[in-house]
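Working notes, beginning with the structure itself.
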Amino acid sequence: MFSTYLFIFLSAVAIFSAINVLLSKNPIHSVLYMTLTFFTLAGHYILLNAQFLAVVHVIVYAGAIMVLFLFTVMLLNLNKEGQFSKTNLMKFIAGIAGGLLFLLLIGSLKSFDVAVVSNPELTQIGLVKNLGTILYRDYLLPFELSSILFLSAMVGAVMLGKKDKI
Amino acid sequence: MDIHFLTYKLSLAGGILLLSLLIAMYATLLERKVAGFFQDRLGPNRAGTFGLLQPVADGLKLFMKEEFMPANADKFLYILGPSLTMLVALLSSAVIPWGGNLNIGGVDYSLQMADINIGVLYTFAVVSIGVYGVMIGGWASNNKYALMGAVRAASQMISYELAMSMAIVTIVMTTGSLSVNDIVAQQHGFNWNIWTQPIGFLVFIVCAFAECNRTPFDLPECETELIGGYHTEYSSMKLGFYLFSEYINMFIASAMISSLYFGGYNFPFMDVLGVSPNWITIIGTAVLFIKIAFFMFVFMWIRWTLPRFRYDQLMRFGWKVLLPMAMVNLILTGFFKLLFK
Amino acid sequence: MNQNPKIQLTNRSKVVSNKEMTFMERLYLPAILKGLYITMSHFFKKEVTIQYPEVKRPVSDIYRGLHVLKRDDEGRERCTACGLCALSCPAEAITMVAAERTDDELHLYREEKYASIYEINMLRCIFCGNCETACPKEAIFLTDRFVASETKRNAFVYGKDKLVEPKDAPIDISKRQTAEVKTFKLDKSKSHNK
């Protein structure tokens with residue numbers, strides 16, 4: 001009962017802040033609304049008894065990535081008007097691209113079979129022990145491959161940062 | 001969820017909240033006293049005996065000060081900044097085990113707010129969102145010095161979080177649990193983690209200093225270059241919140257250091273004392289607070305000894321010294337764990 | 001710069017070298033521990049603080065503090081408003097307005113001319129004591145009292161109400177006005193008294 005109300009509240013906040021990411025004039029506000037969205041998503045994870053996922057979500061997205069976003073946006077000073085050209089052609093192209101994405105989402109939702117979990121509080125999959133076991137036993141190869149991908153991305157970033165010295 | 005359980009948890013939460021506020025309050029006095037003694041002075045001693053009423057006077061003064069807001073500040077975010085900092089500072093006390101179990105009337109009462117199975121990660125998440133209060137406040141003041149302070153705070157915290165998490169991961173490796181309660185319980189007696197993890201401890205304490213924005217890492221509020229850093233434009237109790245949350249952070253950081261590396265509420269010879277478990281718990285809590293007080297003293301000791309880093313030194317130290325050190329420690333720990341399995 | 005390297009202003013100067021640090025030095029930990037030891041040794045040192053209103057720092061007998069305008073033995077003001085103190089004052093802190101004594105004021109003022117207004121701005125005063133030296137009537141003296149703190153600048157301009165010594169509580173200046181000083185000052189053969 002309580003969790004249902006919580007779910008409704010979290011969803012409302014999530015949708016509200018997600019819309020505000022797009023609507024707010026100030027890019028800093030956009031970033032902060034996005035952070036709020038991430039927090040509500042973390043709340044949803046907790047409602048699904050996936051505490052590990054929730055905390056990692058907060059650490060990685062809200063705690064690191066969004067801070068970097070905020071960092072960059074603060075330094076860029078995007079408040080000035082006319083940073084982007086808003087010609088009619090641009091609006092048209094943007095409308096088509098956004099509409100296509102929207103159609104795609106609706107189409108995929110239509111064919112998507114919603115798995116109804118009768119009692120989300122009792123699923124144990126989101127707990128760190130089960131998640132770790134599954135990651136390191138059943139999905140070891142993809143896991144290690146993705147870590148190699150991350151490593152190469154990091155090395156690449158360092159290379160880009162040192163470009164002028166080579 | 002019965003009403004009994006709810007009252008117990010609520011009173012515990014209220015107690016911890018009041019306690020952290022009280023300790024932070026008197027930490028400000030202790031800081032000034034310690035600074036005084038280190039500089040052959042006496043420190044504040046006019047308000048009450050030994051200046052015991054000084055924090056009250058300071059708080060009162062902050063409340064009475066004029067509430068000033070810059071004309072072009074972002075009003076909502078300007079207020080949100082210090083509130084968020086305070087909130088986040090108080091959040092992390094939830095997972096620290098303040099003692100063992102108290103047995104009252106046949107029921108065990110744990111002196112920990114929430115024994116969640118990812119306690120270490122929880123504190124880590126809270127620490128990582130702690131930077132938002134500083135960043136938002138610094139940006140919303142619409143002042144270049146405040147912005148510089150905010151930007152410094154953000155980059156510093158992100159850099160030192162990495163090494164800190166590496167140090168915590170080694171602890172998790174030796175313990176095999178992410179719950180702070182398990183980590184503390186496993187250091188029973190004198191079997192503290194500091195004996196097995198000296199390098200990890202060193203990395204952790206340095207990162208704790210950096211995360212609390214304490215000297216020698218107090219570059220975000222570096223007054224010689226940035227006036228007051230991120231809280232340049234703040235006045236009255238909003239400034240008070242920023243300053244106060246620093247002391248709460250210090251308290252929590254000391255509690256984390258004591259819990260993770262110095263056995264938390266465990267103390268030597270706790271099994272041979274021959275008193276009832278309730279007494280062991282009470283003594284354990286007292287011992288934990290002695291440890292916390294000691295580490296808060298160390299925080300102040302370092303502050304009044306070392307000068308501030310230069311910014312490039314700070315970054316170089318974080319990325320090129322601490323992170324490799326933590327990684328080597330991680331690999332060594334893994335190696336030893338395999339060797340002595 | 002320094003032609004003769006043997007001549008130095010201080011014997012505590014150190015030659016700075018930019019040599020590579022050894023590994024132990026680059027660890028910084030020994031240096032940090034040493035610093036911590038130094039601060040800790042200061043922690044147990046005796047505090048140098050003097051807690052002012054309760055404990056007063058001993059001052060010399062001829063300390064130059066707050067001025068006093070003396071009265072003579074019959075309780076009359078000695079000052080004759082000659083203006084020598086104001087003239088000698090390097091900080092120009094003294095102002096005065098002279099007035100003529102009337103017959104019913106004989107018991108108030110020793111001389112025929114007196115200062116109806118006598119003000120010293122304590123913010124300007126540098127407590128050099130020149131006024132005391134200049135005074136031919138032994139009227140103004142500096143004492144070992146302090147100028148109290150105030151919250152308004154105007155309050156630092158001390159008038160006669162604060163400067164003239166009260167009749168019932170004479171201020172002792174015998175330490176600074178020894179017999180030798182007095183004879184020296186009143187010696188008519190000396191050039192300064194001609």
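Protein chains in written order, with the working numbering: chain A, 1 to 166; chain B, 1 to 341; chain C, 1 to 194. Think of the CB as a built atom: it goes at the ideal place given N, C-alpha and C, for glycine as much as any other residue.
Cross-chain neighbours of TRP139(B) in chain A, by beta carbon under 7 Å: Neighbours of TRP139(B) on chain A, chain order: ILE28 and MET74.
Opposing strand residues paired with THR40(A) [DSSP bridges]: As far as DSSP is concerned, THR40(A) takes part in no beta bridge.
Same chain, Cβ closer than 7 Å to LEU102(B), five either side skipped, listed in chain order: Only TYR109, LEU111, ASN278 and THR281 meet the Cβ criterion.
8 Å Cβ cutoff met for GLY133(B) and VAL203(B): Cβ distance not < 8 Å, so GLY133(B) and VAL203(B) don't count as in contact.
Simplified DSSP state of VAL31(A), which is helix, strand or coil: In the structure shown, VAL31(A) adopts helical secondary structure according to DSSP, grouped into three states.
TRP304(B) at chain C interface by Cβ criterion, 8 Å: Residue contact check for TRP304(B) against chain C: a CB pair falls below 8 Å.
C-alpha gap between LEU323(B) and ASP40(B), whole angstroms: Cα-Cα distance, rounded: 38 Å.
Collapsed DSSP secondary structure at ASN18(C) in the structure displayed: Reduced to three states, the DSSP call for ASN18(C) is coil.
Cβ-Cβ separation, LEU147(B) to MET74(A) (assumed contact under 8 Å), whole Å: About 6 Å separates the Cβ atoms of MET74(A) and LEU147(B), confirming a contact at the 8 Å cut-off.
Alpha-carbon to alpha-carbon, GLU31(B) and ILE257(B): The straight-line gap from Cα to Cα measures roughly 19 Å.
Opposing strand residues paired with LYS113(C) [DSSP bridges]: According to DSSP, which records beta bridges pairwise, LYS113(C) is partnered with GLU100(C).
Below-8 Å beta-carbon distance, GLY35(C) vs any chain B residue: Using a Cβ-Cβ cut-off of 8 Å, GLY35(C) counts as an interface residue toward chain B, since at least one Cβ of chain B sits closer than that to its own.
MET1(C), DSSP secondary structure in three states: Model confidence at MET1(C) stands at a pLDDT of 49, short of 50, so the residue's coordinates are unreliable; what they give is reported in the following sentence. Note: MET1(C) maps to coil in three-state DSSP.
CA nearest to the CA of TYR264(B), picked from VAL272(B), VAL180(B) and ASN329(B): For clarity, residue 264(B) is Gly in the given sequence; the question names Tyr instead. For GLY264(B), the closest C-alpha among the options VAL272(B), VAL180(B) and ASN329(B) is that of VAL180(B).
Coil, strand or helix - LEU303(B) by DSSP: Here the sequence assigns Arg to residue 303(B), which means Leu is not the residue at that position. ARG303(B): helix per DSSP, three-state reduction.
Residue-chain proximity (GLY63(A), chain F), Cβ-Cβ < 8 Å: Any reference to chain F falls outside this structure, whose protein chains are A, B and C.
Residue environment, SER41(C), which counts as buried when at least 16 other CB atoms sit within 10 Å: By the neighbour-count criterion, in which 16 or more other beta carbons inside 10 Å mark a residue as buried, SER41(C) falls on the exposed side.
Every unbroken beta strand (DSSP E) inside the stretch 125 to 183 of chain C [3 residues or more]: The stretch 125 to 183 of chain C contains these whole beta strand (DSSP E) runs: 140 to 142.
Limits of the alpha helix (DSSP H) - the one that TYR261(B) falls within: Here the alpha helix (DSSP H) through TYR261(B) covers 236 to 261.
CB contact flag (SER259(B), VAL184(B), <8 Å): Yes, the pair counts as a contact, with Cβ atoms nearer than the cut-off.
Beta carbon proximity, PHE317(B) to chain A, threshold 8 Å: No - not a single Cβ of chain A is within 8 Å of the one on PHE317(B).
Three-state class that DSSP yields for ARG71(C) in the structure shown: In this structure, ARG71(C) counts as strand in the three-state DSSP scheme.
Nearest-angstrom Cβ-Cβ length linking GLU211(B) and MET164(B), presumed shorter than 8 Å: Cβ atoms of GLU211(B) and MET164(B) come within 8 Å of each other, at about 7 Å.
Buried versus exposed, by CB contacts within 10 Å (16 or more), VAL31(A): When all chains shown are included, VAL31(A) counts as buried.
Span of the beta strand (DSSP E) around ASP108(B): Boundaries of the beta strand (DSSP E) harbouring ASP108(B): 107 to 110, taken from the DSSP string.
Cutoff 8 Å: LEU70(A) Cβ touching any chain B Cβ: At least one chain B Cβ lies under 8 Å of LEU70(A).
C-beta neighbour in chain B for THR39(C), strict 8 Å: Judged by the 8 Å Cβ criterion, THR39(C) is in contact with chain B.
Chain C contact for PHE38(B) (CB, 8 Å cutoff): Yes, PHE38(B) counts as interfacial toward chain C.
Host alpha helix (DSSP H) of ASN101(B) (start-end): That residue, ASN101(B), is in no alpha helix (DSSP H); its beta strand (DSSP E) goes 101 to 104.
Cutoff 8 Å: PHE150(A) Cβ touching any chain B Cβ: Chain B contact via Cβ: absent.
Listed by chain order, chain C residues near LEU42(B) by CB distance under 7 Å: Here the neighbours are GLU47 and THR49.
Residue burial classification, SER60(C) (beta-carbon count within 10 angstroms, cutoff 16): Under this definition SER60(C) is an exposed residue.
Closest Cα partner of ALA24(B) within the set SER254(B), ILE283(B), PRO268(B) and LEU332(B): It is SER254(B).
Contacts around MET1(C), its chain only, beta-carbon distance under 7 Å, and the 5 residues preceding and following it disregarded: Summary for MET1(C): the model assigns pLDDT 49, below 50, so the residue's position carries little reliability; its value from the coordinates is reported in the next sentence. Within the same chain, MET1(C) has no close Cβ partners at all.
Short CB-CB distance (under 8 Å) between VAL151(B) and chain A: It does; some Cβ of chain A falls within 8 Å.
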